[in-house]
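Before any comments, here is the structure.
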Amino acid sequence: MEKGPQVSRKRAEPAHIPSSFSTLPKGWDSARAALPRTRLLPRTFFEAPPDVAAPRLLGKLLVHQTEAGPLAGRIVEVEAYLGPHNHPSDPAAHAHRGPTARNSVLFGPAGHAYVYAIYGRYFCINISCEIEGRAGCILLRALEPVSGMEPMTRNRNLPHGATPRQLTSGPSRLCQAFGITRQLHNGLDLLDPASRLQVLDDGYEVSEVLVTTRIGIRHAADRPLRFALPGHDCVSGPKSLIGKRILIR
DNA sequence: ACTCGGATTCTCT
DNA sequence: GAGAATCCGAGTA
4 MEKGPQVSRK RAEPAHIPSS FSTLPKGWDS ARAALPRTRL LPRTFFEAPP DVAAPRLLGK
64 LLVHQTEAGP LAGRIVEVEA YLGPHNHPSD PAAHAHRGPT ARNSVLFGPA GHAYVYAIYG
124 RYFCINISCE IEGRAGCILL RALEPVSGME PMTRNRNLPH GATPRQLTSG PSRLCQAFGI
184 TRQLHNGLDL LDPASRLQVL DDGYEVSEVL VTTRIGIRHA ADRPLRFALP GHDCVSGPKS
244 LIGKRILIR
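Going by our numbering, the first residue of the first sequence is number 4, and it counts up by one from there.
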C-alpha cells in the first residue's frame, strides 16, 4: 500500500552549505546540515484563530531533540479545531464544552503542545492557538521526515528502508516516530528556545495550499478546516478527498 | 458507578 | 473495505 518515489518539489537549501556537501554517506542523518538558519516562530503566529494559522503552518519544521539526536519533520498536513467562543461553534473540538483536566492546555497561552491519547494505544499532537483564556488548536496530521529517519524508523518498529510515508503520514504515526507522548510532552512550550520540542521556520516557502474537510470526525464533518501541501506524498487520507486550492500570503 | 465511543492504525479479505 | 485492538475521558444516573 505504501509506495515509493518522492515527487520532486521546491525545497529550501541552506545557502552557506556547498552543494557538494548534500551528498551524504549512507546512514548519515543530515540534522546538522538541515537545522542551521532556522528561527522560532513568534508567539503571535499562534495567537490567532486556528483556521488562519493552520495553512500558514504548512512548510514549517517540528523538531524534537532526543537522546538519539534531533528528529525533524516538515509539516505537510494539519487540521484546525475551533474554540467554544466561535459562532458557529466546532462540536468536533475537544475544547467544545469548555475546559477540562484533559484539554486545559488549549485554554492556556498559544504555542503549547496539546497531546492526547486516542483508541487506547495512540497519541495525537496539537498546537494551542488564541490568547490565554480562549481555546483553539491545530492538529498535526502529517510530516515529511527531514532529519533522524533512522531513529524514527526504530520508533515506528519498521524495518530499515521504510518510506517517509510509512514513518510520519498520519497524526499518530508522526507522534510514534517522534516519540511524542502525553506524559512527556503535553503542555510543552514549542516556542521556548530551551524546549526540546519546537516549531521552526527554515525559510521554506509555500505558495499554494489544499483545503478539504477534516478526516475521521463525526460532528461538523463538512467544514473546510483541513489544510495540506497539494500532491505531497506524505499527506494522509484518501487521495480521492477533493478540496480546493488557495493561495497563501 | 456505568456506559459509550473516539481528531487511529494495522491486518486481513 | 471491514474488523479488531484497547484505554480512559466525558456524559449520564
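For glycine and all other residues, C-beta sits at the position ideal for the given N, C-alpha and C. Just so it is clear, the structure is predicted and the values come from calculations on it, not from any experiment.
Taking Leu253 as the reference, give the member of Arg157, Thr47, Pro154, Leu191 with the closest Cα. With the chain running from 4 to 252 in the structure shown, residue 253 is simply not present.
What number of angstroms, rounded off, separates the C-alpha of Val238 from the C-alpha of Ser107? Within the first sequence, the letter at position 235 stands for residue 238. Within the first sequence, the letter at position 104 stands for residue 107. If I take the Cα positions, the gap works out to 29 Å.
Go ahead and pull the three-state DSSP assignment for Gly171. One-based indexing of the first sequence puts residue 171 at position 168. First, the residue type needs correcting, since residue 171 is Thr and not Gly in the sequence shown. Thr171: helix per DSSP, three-state reduction.
Considering only their Cβ atoms, is the gap separating Leu177 from Leu143 smaller than 8 Å? Walking along the first sequence from the start, residue 143 turns up at place 140. Walking along the first sequence from the start, residue 177 turns up at place 174. Against a cut-off of 8 Å, the Cβ pair of Leu177 and Leu143 comes out as a contact.
In whole angstroms, what separates the C-alpha of Tyr119 from that of Ile141? Working through the first sequence from its first residue, we reach residue 119 at position 116. Working through the first sequence from its first residue, we reach residue 141 at position 138. Each residue's Cα considered, the two are about 13 Å apart.
Using the three-state DSSP reduction, which class does Thr216 fall into: helix, strand or coil? Residue 216 sits at position 213 when you count from the first residue of the first sequence. Thr216: coil per DSSP, three-state reduction.
Euclidean distance between Cα positions of Glu50 and Gly173: Reading the first sequence from its first residue, position 47 is the one you call residue 50. Reading the first sequence from its first residue, position 170 is the one you call residue 173. Rounded to the nearest whole angstrom, the CA to CA distance from Glu50 to Gly173 is 25 Å.
Reference Thr215, options Ser198, Pro196, Ala223, closest by Cα: Counting from 1 along the first sequence, the entry for residue 215 is found at position 212. Proximity to Thr215 across Ser198, Pro196, Ala223 peaks at Ala223, based on C-alpha coordinates.
Could I get the ranges of all uninterrupted alpha helix (DSSP H) runs contained in the region 180-238, with 4 residues as the minimum, in chain order? Counting only runs of 4 or more, we get 185-188.
Classify Arg124 as helix, strand or coil using the three-state DSSP reduction. Mapped onto the first sequence, residue 124 falls at position 121. Note: Arg124 maps to coil in three-state DSSP.
Bridge partners - Ile130, DSSP secondary structure assignment: Position 127 of the first sequence, counted from the start, is the residue given in the question as residue 130. For Ile130, which the question treats as bridged, DSSP gives the partners Ala116, Ile141.
Under DSSP, the alpha helix (DSSP H) around Ala56 begins and ends at which residues? Locating residue 56 in the first sequence gives position 53, counting from the first residue. DSSP places Ala56 in the uninterrupted alpha helix (DSSP H) bounded by 53-60.
With a threshold of 8 Å on Cβ separation, who are the neighbours of Asn189 within its own chain once the five nearest residues in sequence on each side are excluded? As a first step, residue 189 is located in the first sequence; it is residue number 186 there, counting from the start. For Asn189, where only same-chain residues beyond five positions count, the Cβ hits under 8 Å are Val108, Ala116, Tyr117, Val118, Tyr119.
Helix, strand or coil: how does DSSP classify Pro73 here? Residue 73 sits at position 70 when you count from the first residue of the first sequence. Strand.
Touch check for the region 149-166 and the region 87-97: three-plus C-beta pairs under 8 Å? Touching, no.
Cβ-based neighbour list, His163, same chain, cut-off 7 Å, excluding 5 preceding and 5 following: For the purposes of this step, residue 163 is identified with residue 160 of the first sequence, where counting begins at 1. Contacts found: Thr156.
Which residues in the same chain as Pro167 place their Cβ atom closer than 8 Å to its Cβ, once the five residues preceding and following it in sequence are excluded? Stepping through the first sequence from its first residue, residue 167 is reached at position 164. Correct list, in chain order: Gln9, Glu147, Pro148, Met152, Asp236, Cys237.
Is it true that the CB of His67 sits closer than 8 Å to the CB of Phe230? If you number the first sequence from 1, residue 230 lands on position 227. If you number the first sequence from 1, residue 67 lands on position 64. It is not a contact, given that the beta carbons lie outside the stated cut-off.
If you compare alpha carbons, which of Ala56, Pro45, Leu65 is closest to Leu38? In the first sequence, counting from the first residue as 1, residue 38 sits at position 35. Looking at the Cα atoms, Leu65 is the closest of the given residues.
Give a yes or no on whether the C-beta atoms belonging to Ala57 and Val81 are separated by under 8 Å. Position 54 of the first sequence, counted from the start, is the residue given in the question as residue 57. Position 78 of the first sequence, counted from the start, is the residue given in the question as residue 81. Contact flag set, yes.
According to the Cβ coordinates, are Ile128 and Ile218 closer than 8 Å? Walking along the first sequence from the start, residue 128 turns up at place 125. Walking along the first sequence from the start, residue 218 turns up at place 215. Taking 8 Å as the Cβ cut-off, Ile128 and Ile218 do not qualify as a contacting pair.
Give me, in chain order, the residues of the same chain whose beta-carbon lies closer than 7 Å to that of Lys247; leave out the 5 immediate sequence neighbours on both sides. Taking the first residue of the first sequence as position 1, residue 247 is located at position 244. The residues are Val214.
Name the DSSP beta bridge partners of Ala96, please? On the first sequence, position 93 is the one that residue 96 refers to. In DSSP, Ala96 forms no bridge with anything.
Within its chain, find whatever has a CB closer than 7 Å to the CB of Gly136; leave out the 5 residues flanking it on each side and keep chain order. If you number the first sequence from 1, residue 136 lands on position 133. Once the five neighbours on either side are set aside, the close Cβ partners of Gly136 are Phe110.
Please state whether DSSP places Arg42 in a helix, a strand or coil. On the first sequence, position 39 is the one that residue 42 refers to. Strand, per DSSP.
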